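**Q**
There are 2 protein chains.
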Amino acid sequence: MNLSSKFLSNAVDEISKLPGIGKSTALRLALHLVNKKKGDIDQLIKSIKELKENIIFCDKCKSLSDEKLCNICSNLNRDSKIICVVEDIRDVMAIENTGQFKGLYHVLGGKISPVDGIGPNQLNINSLLERVINDEVTEVIFALSATMEGDTTNYYIYRKIKKDKIKFSTIARGVSIGDNLEYTDEITLGRSIIQRIPFEQSSI
Amino acid sequence: MNLSSKFLSNAVDEISKLPGIGKSTALRLALHLVNKKKGDIDQLIKSIKELKENIIFCDKCKSLSDEKLCNICSNLNRDSKIICVVEDIRDVMAIENTGQFKGLYHVLGGKISPVDGIGPNQLNINSLLERVINDEVTEVIFALSATMEGDTTNYYIYRKIKKDKIKFSTIARGVSIGDNLEYTDEITLGRSIIQRIPFEQSSI
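Keeping their order, the protein sequence lines are chains F and C. Quick note on this note's numbering: the first sequence kicks off at 1 and runs consecutively. Quick note on this note's numbering: the second sequence kicks off at 205 and runs consecutively.
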């Protein structure tokens, strides 16, 4: 892109390094920043700096946190014997927003994916094993995405920590509430028939 | 959004103030920044700071510039007697990228739009009048978008600076090169018939 200003060109280059932002969007954002008050830009810069400098991973669940223990792990009202295994912090937020889960989480930081060079050692799996033993966990819920990598990761962890006293479950897959059957993909619809639930439980 | 960290939440709030970026995208960007090296983030912050602190408007064309005169206005090989009137700096770049225009530009900074509370005084129109007089301009080319606001602005400026010696033109509207007629909207196609050009000139 042929930009009239070196400063503009630098800013566009840096902004377009962000994921999902191309040169045109970066230019639009840069021009927006030029027209903003200096105070607003200082706020933006300060928030990014503070984020990078202060945020840490929770000692227990490996989610992002301001303290050594995140506010979920340090909440005594939650059931520390139930652990929900997720890929990243966005999944924690998604489940928290439902208000339906009162146990703790464990953030793996990804899925086992040989194609991308991600093996079990790159993920927070050993710390999960330790938690299962130390906290006398009774149930592990897998909430990874329903892909081959997700299933592989579930199975790897299951094999590693399988014990008689621990219950394993995965979140239910099925037709979304409000969706028409005709627009649901075959695999999801097929699974939702195989894993049908008693009608008496269906409205809970 | 229920975020586990105050710092993350602040950063998401600030990032989502940018145009076209919602909370989900802001969260994705913030999490990306968390995983980036500190050096990369410092680079991003530095480029934004420098952009805001150093960039100025060109004295002549009101485009963004590093110097008092932008590199187009200060280029002696360009014809200062022809001025192309555009809305913003992105239009300057778009026309520059064609390599077809060797005159100078004038950036209005918007269009007259009473609905949005933008009148002639909010735009760089007076400075255009001064240029037309001082630089003995011979042609003014309107390259605003073909909307009601664009046409109103064109007409306002035309009325203000109309003189016998000055030629006024607007950029041609018509069917895009490579486009099928059947997919072209009726107004554009209609205009392209009314404003048809001699065949001998059509391949230039």
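Where is the CB? At the ideal position from N, CA and C, for every residue including glycine. Because the structure is a prediction, the values reported are computed rather than measured.
#1: Apart from the five residues on each side of it in sequence, which residues of its chain come closer than 7 angstroms, Cβ to Cβ, to C:F305?
#2: For the pair the stretch 72–89 of chain F and the stretch 241–250 of chain C, tell me if three or more CB-CB distances fall below 8 angstroms.
#3: I want to see whether chain C comes within less than 8 angstroms of F:E50, judged by CB atoms only; does it?
#4: Spatial neighbours of C:K369 within its chain, please: CB distance less than 8 angstroms, with the 5 preceding and 5 following residues excluded, ordered by chain position.
#5: Would a check of beta-carbon distances place C:F413 closer than 8 angstroms to chain F?
#6: C:K210 CB to nearest chain F CB: under 8 angstroms?
#7: Measuring straight from C-alpha to C-alpha, what distance separates F:L108 and C:V319?
#8: Please compile the residues from chain F whose C-beta is within a distance smaller than 9 angstroms of the C-beta of C:R294.
#9: Applying the 10 Å Cβ sphere with the 16-neighbour rule, what's the burial state of C:I345?
#10: Does C:K242 get closer than 8 angstroms to chain F when you measure Cβ to Cβ?
#11: List, from N- to C-terminal side, the beta strand (DSSP E) runs of 3 residues or more that fit wholly inside the stretch 210–290 of chain C.
#12: Do the CB positions of F:A30 and C:L255 come within less than 8 angstroms of each other?
#13: Just the Cα atoms here: how many angstroms apart are F:L21 and C:F403?
#14: From the beta carbon of F:S192, is the nearest beta carbon of chain C less than 8 angstroms away?
#15: On a CA-only basis, which of C:C262, C:Y362, C:D339 and C:S213 is nearest C:L348? Give me that one, please.
#16: Quick one: give me the first and last residue of the beta strand (DSSP E) that C:K371 is part of.
#17: So for F:F101, helix, strand or coil by DSSP?
#18: Report yes or no: is there a C-beta of chain C within less than 8 angstroms of the C-beta of F:S16?
#19: Starting from C:D270, find everything on chain F with Cβ-Cβ shorter than 9 angstroms and list it in chain order.
#20: Distance check for F:I112 and F:P120, CA to CA, integer angstroms please.
#21: If you measure from the beta carbon of F:P19 to each beta carbon in chain C, is any gap under 8 angstroms?
#22: In this structure, does DSSP put F:E186 in helix, strand or coil?
#23: Which of the three DSSP states, helix, strand or coil, is assigned to F:E130?
#24: Just to check, is the beta-carbon of F:I45 closer than 7 angstroms to a non-hydrogen atom of the ligand PLP?
#25: Using the beta-carbon count (16 or more within 10 Å), is F:I72 buried or exposed?
#26: Can you tell me the Cα-Cα spacing of F:H32 and F:A146, whole angstroms?
#27: Along the chain, where does the alpha helix (DSSP H) containing F:I157 start, and where does it finish?
#28: How is F:S113 classed by DSSP in three states: helix, strand or coil?
#29: Give the single residue among C:T302, C:K221, C:D270 and C:I329 whose Cα lies nearest to the Cα of C:G314.
#30: For F:A11, decide whether its Cβ has a neighbour in chain C, counting only Cβ atoms nearer than 8 angstroms.
#31: If contact means a Cβ-Cβ distance below 7 angstroms, which residues of the stretch 54–79 of chain F contact chain C?
#32: Do you know offhand how far F:T98's Cα is from F:D91's?
#33: Tell me, please, whether the CB atom of C:Q326 is closer than 8 angstroms to any CB atom in chain F?
#34: Quick one: using the 10 Å Cβ neighbour count with 16 as the cut-off for buried, is C:L273 buried or exposed?
#35: Measuring straight from C-alpha to C-alpha, what distance separates C:V379 and C:E353?
#36: Could you pull out every residue in the same chain whose Cβ sits closer than 8 angstroms to the Cβ of F:I283, ignoring the five residues on either side in sequence?
**A** Judging by the given coordinates:
#1: Excluding residues within five positions, the ones whose Cβ falls inside 7 angstroms are C288 and I299.
#2: The answer is no - the stretch 241–250 of chain C does not touch the stretch 72–89 of chain F, with fewer than three Cβ pairs under 8 angstroms.
#3: Under the 8 angstroms criterion on CB atoms, F:E50 is classed as interfacial with respect to chain C.
#4: Excluding positions up to five away in sequence, the list reads T342.
#5: As displayed, chain C neither begins before 205 nor continues past 408, which places residue 413 of chain C out of reach and without an answer.
#6: For C:K210, a Cβ of chain F is located within less than 8 angstroms of the residue's own Cβ.
#7: Cα to Cα, F:L108 sits roughly 52 angstroms from C:V319.
#8: Those are S24, L27, R28 and L31, listed as they occur along chain F.
#9: Counting of Cβ neighbours within 10 angstroms places C:I345 among the buried residues, the total reaching 16 or more.
#10: Yes - at least one Cβ of chain F is within 8 angstroms of the one on C:K242.
#11: Listed in chain order, they are 283–290.
#12: For the 8 angstroms CB-CB criterion, F:A30 and C:L255 form a contact.
#13: Note that residue 21 of chain F is Ile in the sequence shown, not Leu. Rounded to whole angstroms, F:I21 to C:F403 spans 43 angstroms at the Cα level.
#14: No, F:S192 does not count as interfacial toward chain C.
#15: Shortest Cα-Cα distance from C:L348 to any of C:C262, C:Y362, C:D339 and C:S213 involves C:Y362.
#16: Residues K371 to T374.
#17: If DSSP states are grouped into helix, strand and coil, F:F101 belongs with coil.
#18: No, its Cβ sits nowhere closer than 8 angstroms to a Cβ of chain C.
#19: At a C-beta separation below 9 angstroms, C:D270 has these neighbours in chain F: S4, S5, K6, F7 and L8.
#20: Their Cα atoms are separated by approximately 6 angstroms.
#21: Nearest CB-CB separation between F:P19 and chain C: below the 8 angstroms threshold.
#22: In this structure, DSSP gives F:E186 a helical state, which the three-state scheme calls helix.
#23: Of the three classes helix, strand and coil, the one that applies to F:E130 here is helix, per DSSP.
#24: You won't find the ligand PLP in this model; it holds no ligand whatsoever.
#25: Taking all protein chains in view, the Cβ of F:I72 is crowded by 16 or more other Cβ atoms within 10 Å, so the residue is classified as buried.
#26: Inter-residue distance for F:H32 and F:A146 is about 39 angstroms (C-alpha atoms, whole angstroms).
#27: Looking at the DSSP string, the run of the alpha helix (DSSP H) that includes F:I157 is M148 to I161.
#28: Looking at F:S113 - three-state DSSP - the assignment turns out to be strand.
#29: Cα-wise, what sits closest to C:G314 is C:I329.
#30: It does: the Cβ of F:A11 has a partner Cβ on chain C nearer than 8 angstroms.
#31: Those residues of the stretch 54–79 of chain F that come within reach of chain C (Cβ to Cβ, closer than 7 angstroms) are N54, I55, S63, L64, S65, D66, C70, N71 and I72.
#32: CA-to-CA, the gap between F:T98 and F:D91 works out to about 11 angstroms.
#33: Judged by the 8 angstroms Cβ criterion, C:Q326 is not in contact with chain F.
#34: Using a 10 angstroms sphere on the CB of C:L273, the tally of other CB atoms stays under 16, which defines it as exposed.
#35: Approximately 22 angstroms between the Cα atoms of the pair.
#36: As displayed, chain F neither begins before 1 nor continues past 204, which places residue 283 of chain F out of reach and without an answer.
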